[in-house]
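K.L.:
Please find one structure pasted underneath; my questions will follow.
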Amino acid sequence: MAYPITITPTTKSRLQNIDFNNIPFGKYYADHMFIANYADGKWQNSRIVPFDNLSISPATFSLHYGQLIFEGMKAYKDVSGNAQLFRPEQNSERFNKSALRMGMPEVPKELFMEAIKELVKLDIGWIPVTEGSSLYVRPFMMAMDNHIGVKPTTEFQFMIITSPCGPYFNRPVKVLVADTYVRAFSGGTGAAKAAGNYGATMLPLKEAQKDGFDQVLWLDGRDFDTIEEAGTMNVFFAINNVVYTPELDGNILDGVTRSSIIELLRKDGYEVHEQKVSIKEIIAAAENGTLTDAFGTGTAVLVIPIGILGYKGKTYELSPVEKRVISPLIKKQMWDIMVSRSPDKFGWIIKL
Ligand SMILES: *Cc1c(COP(=O)(O)O)cnc(C)c1O
């Protein structure tokens, strides 16, 4: 191994305390976590230890200035109970793009992959097997320098924690189009999975939820018309079954689920356009009945139908979920690949 990992197993597993039939997202964490430190220009001291609180200085740079990036992927059990990951190398590449944008060191792909594989293998019992369930894997990296002066940092910590999560829910979401707040702007960090992107969305989200919505759909602040993405999801719309999704313009996250779904839909013979998508055109299609589908995609939700759009004080009820064709089809195809119920024609699965 290029990056030897020291493993200190827990002496008291918490596994038997978990009711796998009732696991809210992000509430429980598996027995172990991975840590590596970057100092003197290199990654060192890679280790897996029992999951525990961190002891860090209150002056730790990332706590004050948000120099922190993260990733999200899932480990699944296949039909015969073997653990596997879905396209983890894509997460590794995106992590390093986020690192570059945030002035942080890259984590070599071998270190990233070995760390995830070793950690998931050790906590394999934490991967739920009920239909639609999985083990969420959360790598993250933060600046560790103990100074509150704003200047480039040199010390970093790369960590991975994992959390069992229950079945995907399929309740259509209510999405409010933000027409005053923006999530990202040209030249900013919208394409990075950077902590600060999310902190800034908490007020708009709170306001949307107060009005009965689940999520916010972001527009480009230059025109307040070009659709970007929603919360932690990329978005897709189908007009007369032709599929449109916002292009990667530097403001949105390049979702692994998004790019996989584009490939699958094209293979299924659907026309998919990655382009500028105008909210006015989507609303017009909703009004004249040609908007046949609308859905969000991401690791956490996989594929989730958008049931209602709120825009400039009006709400638009979209086509009934029972009548939709594309979103249920693509969700099933994705899930079947993730658990090896159908063949992995694209080479997306990494077995552990
Ligand atoms: C993580 C994330 C997504 C989805 O990316 P996946 O790789 O599909 O999980 C979309 N948008 C934002 C803002 C995200 O943070």
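Here this note's numbering is used: the sequence shown runs in plain steps of one and ends on residue 568.
For each residue, glycine too, the CB sits at the ideal point set by N, CA and C.
Restricting to Cα atoms, I'd like to know which of A502, P321 and N269 is closest to S308.
P.N.:
As a position in the sequence shown, residue 308 is number 92, starting the count at 1. Considering only alpha carbons, the answer is P321.
K.L.:
Once the 5 residues before and after L338 are set aside, which same chain residues still bring their CB inside 8 angstroms of it?
P.N.:
Sequence index remark: in the sequence shown, residue 338 carries index 122 (1-based). Counting only Cβ-Cβ distances below 8 angstroms, and skipping sequence neighbours, we find I223, P225, D247, H248 and I264.
K.L.:
By a C-beta neighbour count over all protein chains shown, 10 Å radius and 16 as the cutoff for buried, is T227 buried or exposed?
P.N.:
Against the sequence shown, residue 227 aligns to sequence position 11. T227 is exposed by the Cβ-count criterion.
K.L.:
Say the cut is 7 angstroms; is the CB of R474 nearer than that to a heavy atom of ligand 1?
P.N.:
As a first step, residue 474 must be located in the sequence shown, where it is residue number 258. The answer is yes for R474.
K.L.:
Taking T369 and F311 to be in contact with their CB atoms under 8 angstroms, please state how far apart those CB atoms are, rounded to whole angstroms.
P.N.:
Counting from 1 along the sequence shown, the entry for residue 369 is found at position 153. Counting from 1 along the sequence shown, the entry for residue 311 is found at position 95. Between F311 and T369 the Cβ distance is about 17 angstroms, and since that is not below 8 angstroms, they are no contact.
K.L.:
Does the Cβ of N467 have 16 or more other Cβ atoms within 10 Å, making it buried, or fewer, making it exposed?
P.N.:
To locate residue 467, count along the sequence shown from 1; it is residue 251. Label assigned to N467: buried.
K.L.:
By alpha-carbon positions, which one of H363, S350 and Q232 ends up nearest to Y281?
P.N.:
Locating residue 281 in the sequence shown gives position 65, counting from the first residue. Here the closest residue by C-alpha is H363.
K.L.:
How long is the line joining the alpha carbons of W564 and V555, rounded to whole angstroms?
P.N.:
Translated into positions along the sequence shown, residue 564 becomes position 348. Translated into positions along the sequence shown, residue 555 becomes position 339. Rounded to whole angstroms, W564 to V555 spans 11 angstroms at the Cα level.
K.L.:
Work out the CA separation of F452 and P462 for me, nearest whole Å.
P.N.:
Looking up residue 462 in the sequence shown gives position 246. Looking up residue 452 in the sequence shown gives position 236. Answer to the nearest angstrom: the Cα atoms are 8 angstroms apart.
K.L.:
If we cut at 8 angstroms on Cβ distances, does Y527 have a partner in chain D?
P.N.:
The structure shown contains no chain D; it holds only a single protein chain.
K.L.:
Mind checking whether the beta-carbon of N238 lies closer than 7 angstroms to any heavy atom of ligand 1?
P.N.:
What you label residue 238 is simply residue 22 of the sequence shown in a count that begins at 1. Every heavy atom of ligand 1 is 7 angstroms or more from the Cβ of N238, so no.
K.L.:
Check this for me: beta carbons of V432 and G415, under 8 angstroms apart or not?
P.N.:
The sequence position of residue 432 within the sequence shown is 216, counting from 1. The sequence position of residue 415 within the sequence shown is 199, counting from 1. No, they are not a contact pair.
K.L.:
Does the separation of the CB atoms of I566 and P304 fall below 8 angstroms?
P.N.:
Residue numbering aside, residue 566 sits at position 350 when the sequence shown is read from its first letter. Residue numbering aside, residue 304 sits at position 88 when the sequence shown is read from its first letter. A contact, by the Cβ cut-off of 8 angstroms.
K.L.:
Between D441 and T515, what straight-line distance do the alpha-carbon atoms span, to the nearest angstrom?
P.N.:
As a working note, residue 441 is residue 225 in the sequence shown. As a working note, residue 515 is residue 299 in the sequence shown. Rounded to the nearest angstrom, the two C-alpha atoms are 26 angstroms apart.
K.L.:
Sorry if obvious, but does the Cβ on M550 come closer than 7 angstroms to a heavy atom of ligand 1?
P.N.:
Looking up residue 550 in the sequence shown gives position 334. Incorrect: M550 has no Cβ contact closer than 7 angstroms to ligand 1.
K.L.:
Which of helix, strand or coil does DSSP assign to S475?
P.N.:
Taking the first residue of the sequence shown as 1, we reach residue 475 at position 259. Correct three-state label for S475: helix.
K.L.:
Quick check: is any heavy atom of ligand 1 less than 7 angstroms from the C-beta of K243?
P.N.:
For the purposes of this step, residue 243 is taken as the residue at position 27 of the sequence shown. No, the beta carbon of K243 sits no closer than 7 angstroms to any heavy atom of ligand 1.
K.L.:
For P521, which beta-bridge partners are listed by DSSP?
P.N.:
Along the sequence shown, one-based indexing puts residue 521 at 305. F511.
K.L.:
According to DSSP, what are the bridge partners of P355?
P.N.:
To locate residue 355, count along the sequence shown from 1; it is residue 139. Paired residues: I376.
K.L.:
With a threshold of 7 angstroms, establish whether the CB of N614 neighbours any heavy atom of ligand 1.
P.N.:
The requested residue 614 is not part of the displayed model; the chain covers only 217 to 568.
K.L.:
Using a 10 Å radius around the Cβ and a threshold of 16 neighbouring Cβ atoms, would you call Q373 buried or exposed?
P.N.:
Counted from its first residue, the sequence shown places residue 373 at position 157. It is buried - the Cβ of Q373 has at least 16 other Cβ atoms within 10 Å.
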